[in-house]
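Residue numbers (this note's numbering): 4 to 411.
Think of the CB as a built atom: it goes at the ideal place given N, C-alpha and C, for glycine as much as any other residue.
Please read the structure below before turning to the comments.
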Ligand SMILES: [Mg+2]
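See below:
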């Protein structure tokens, strides 16, 4: 990727509309790659010249409730990286505070601190930029994921390739679920029928409020959707005893898997619960970095991972997690927080490049009341697609861009 220059064909040039900067001499050098021109490339890499930080609030259709939080809006943050050669990069952070420990304000403050770290640097050296951010802020995975996404957006545009092609991936069928947030058991059946009416065939159900309500909620959903694939997520809401009781009671309801039944720290408990019930368990809140993936593998904690860019710190580290998972025989889901079509599109690029990803939970933009992004993910009858454009293939619409607040 470090040698990707602006000579990537018409596709790359058409994607450079944000800037009219002329292509640099390196384009010719890349064709005739003598040692002298390689040296020129090394001496004259592309540079990040400016970074804009935008709060990006999106209203939800109705408050979305999980075991640890209720959200009535997506409190997101966009970063926009500009370069001296034309390609620009968009990235989105969607902080779900009770999971990642970041809020919109924390993301903005961290983005302002990261900005001087990246300006003047080569955006195509994604590995080094990510390493610098990880060393500077070891946590703050969600805002780092926005910068990572923007770097890949630039790299894709510079190479004239969609990011998944740049990463060695390919198109393959991807079917997402649609999630039902925590609701009263008496309302659960109607919500399941509504999911099916929208064309989705896979339902994800948020649980974790208590044994009786959780079993009643899931039973109502199974009755309303007898043929649907159903997966559940307790979002750390159970203790070990409740988890075993709940999952044992739910076995006859044909559940694909259960995300994060226990508090994130209880890795040993995850292994014990998973070994005691007939429903496979999936680590979500317990999985952030490649190092945490290694620990889960070492502890033999679970057969499934839920990989989210907002937890891994972006595509670069998500690919490392996928490699660990594949080597360990662990199947992955690609999940989301409350991203728009932009952040969800980036997750699709990652998933197309990671063969161990077999489950897709990229649905939260359907809970948004406003359409603020052009391009990115789209879904028909549950099947996911993204535009085949260089880079991530998503950005705020021109109207949104005009009105988008910017942080100094
Ligand atoms: Mg989850």
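Next on the checklist: Strictly closer than 5 Å from CB to any heavy atom of ligand 1: give me those residues in the order they appear in the chain.
Outcome noted: 236, 262, 287
Item to check | Cβ neighbour criterion (16 or more within 10 Å) applied to residue 236 | outcome: Residue numbering aside, residue 236 sits at position 233 when the chain shown is read from its first letter. Buried, since its Cβ has 16 or more Cβ neighbours within 10 Å.
Checklist entry - Would residue 117 pass as a contact of residue 146 if the rule is Cβ separation under 9 Å? => result The count along the chain shown starts at 1 and reaches residue 117 at position 114. The count along the chain shown starts at 1 and reaches residue 146 at position 143. Result yes, Cβ atoms of residue 117 and residue 146 sit closer than 9 Å.
Item to check | For residue 331, the nearest candidate out of 301, 339, 133 (CA to CA) | outcome: As a first step, residue 331 is located in the chain shown; it is residue number 328 there, counting from the start. Minimum Cα distance to residue 331 is reached at 301.
Next on the checklist: I'd like to know if the stretch 123-142 and the stretch 176-192 are in contact, where contact means that at least 3 CB-CB pairs between them fall below 8 Å.
Outcome noted: no
Checklist entry - Alpha carbon to alpha carbon, how far is residue 126 from residue 318? => result By 1-based counting over the chain shown, the position of residue 126 is 123. By 1-based counting over the chain shown, the position of residue 318 is 315. So the two alpha carbons sit approximately 14 Å from each other.
Checklist entry - In its own chain, which residues sit with a C-beta less than 7 Å from the C-beta of residue 222, not counting the 5 before and 5 after it? => result What you label residue 222 is simply residue 219 of the chain shown in a count that begins at 1. Hits under 7 Å: 256.
Checklist entry - Using 8 Å as the threshold, is the stretch 240-256 in touch with the stretch 213-222, meaning 3 or more CB pairs across them? => result yes
Checklist entry - Quick one: what's got a C-beta closer than 7 Å to residue 74's C-beta in the same chain, skipping five residues either side? => result By one-based count along the chain shown, residue 74 stands at place 71. These residues qualify, in order along the chain: 63, 66, 67, 341.
Next on the checklist: Just verifying my parser: in three-state terms, what is the DSSP assignment at residue 192?
Outcome noted: Against the chain shown, residue 192 aligns to sequence position 189. The answer is helix: DSSP assigns residue 192 an H, G or I state.
Next on the checklist: What does DSSP give as the partner residue(s) for residue 96 in the beta ladder?
Outcome noted: The sequence position of residue 96 within the chain shown is 93, counting from 1. The partner list for residue 96 (beta bridge, DSSP) reads 80.
Next on the checklist: Nearest by alpha-carbon distance to residue 362: which of 179, 244, 229, 190 is it?
Outcome noted: The residue given as residue 362 occupies position 359 in the chain shown. The option with the nearest alpha carbon to residue 362 is 179.
Item to check | residue 382: first and last residue of the uninterrupted beta strand (DSSP E) it sits in | outcome: Taking the chain shown and counting its residues from 1, one reaches residue 382 at position 379. Counting along the chain, the beta strand (DSSP E) containing residue 382 begins and ends at 381-383.
Checklist entry - Contact check, residue 94 vs residue 356 under 8 Å by CB: the rounded distance? => result Taking the chain shown and counting its residues from 1, the one referred to as residue 94 is at position 91. Taking the chain shown and counting its residues from 1, the one referred to as residue 356 is at position 353. 17 Å between Cβ atoms; not a contact.
Next on the checklist: Give me, in chain order, the residues of the same chain whose beta-carbon lies closer than 7 Å to that of residue 28; leave out the 5 immediate sequence neighbours on both sides.
Outcome noted: On the chain shown, residue 28 is found 25 positions in, with the first residue counted as 1. Note that residue 28 has pLDDT 35, beneath the 50 cutoff, so the model's placement of it is unreliable and the number below is only indicative. Excluding residues within five positions, none has a Cβ falling inside 7 Å.
Next on the checklist: Restricting to Cα atoms, I'd like to know which of 160, 108, 201 is closest to residue 410.
Outcome noted: Position 407 of the chain shown, counted from the first residue, corresponds to residue 410. Per the Cα distances, 108.
Checklist entry - DSSP on residue 388, reduced to helix/strand/coil? => result To locate residue 388, count along the chain shown from 1; it is residue 385. Looking at residue 388 - three-state DSSP - the assignment turns out to be strand.
Item to check | Cβ-Cβ distance between residue 375 and residue 347 below 9 Å | outcome: Along the chain shown, one-based indexing puts residue 375 at 372. Along the chain shown, one-based indexing puts residue 347 at 344. Contact flag unset, no.
Checklist entry - Taking the alpha-carbon positions, what's the residue 287 to residue 305 distance? => result Residue mapping note: residue 287 aligns to position 284 of the chain shown, counting from 1. Residue mapping note: residue 305 aligns to position 302 of the chain shown, counting from 1. The alpha-carbon atoms of residue 287 and residue 305 are separated by roughly 10 Å.
Next on the checklist: Between which two residues does the alpha helix (DSSP H) holding residue 181 run?
Outcome noted: As a first step, residue 181 is located in the chain shown; it is residue number 178 there, counting from the start. Segment 181-183 is the beta strand (DSSP E) holding residue 181; no alpha helix (DSSP H) there.
Checklist entry - Between which two residues does the alpha helix (DSSP H) harbouring residue 314 extend? => result Residue numbering aside, residue 314 sits at position 311 when the chain shown is read from its first letter. Residue 314 -> alpha helix (DSSP H) spans 312-315.
Checklist entry - residue 293 by DSSP, collapsed to three states: which one? => result The sequence position of residue 293 within the chain shown is 290, counting from 1. It is helical.
Item to check | For residue 334 and residue 359, believed in contact at Cβ under 8 Å, the rounded distance | outcome: Taking the first residue of the chain shown as position 1, residue 359 is located at position 356. Taking the first residue of the chain shown as position 1, residue 334 is located at position 331. Yes, they are in contact, since the Cβ atoms of residue 359 and residue 334 sit about 6 Å apart, within 8 Å.
Next on the checklist: Just verifying my parser: in three-state terms, what is the DSSP assignment at residue 267?
Outcome noted: Sequence index remark: in the chain shown, residue 267 carries index 264 (1-based). DSSP places residue 267 in coil when its eight states are reduced to three.
Item to check | Residue-level contact to chain D via CB, residue 289, 9 Å cutoff | outcome: Among the chains of the structure shown, chain D does not appear; only one protein chain is present.
Item to check | Endpoints, the alpha helix (DSSP H) within which residue 116 is located | outcome: Residue 116 sits at position 113 when you count from the first residue of the chain shown. Taken as a continuous stretch (DSSP letters only), the alpha helix (DSSP H) holding residue 116 covers 107-121.
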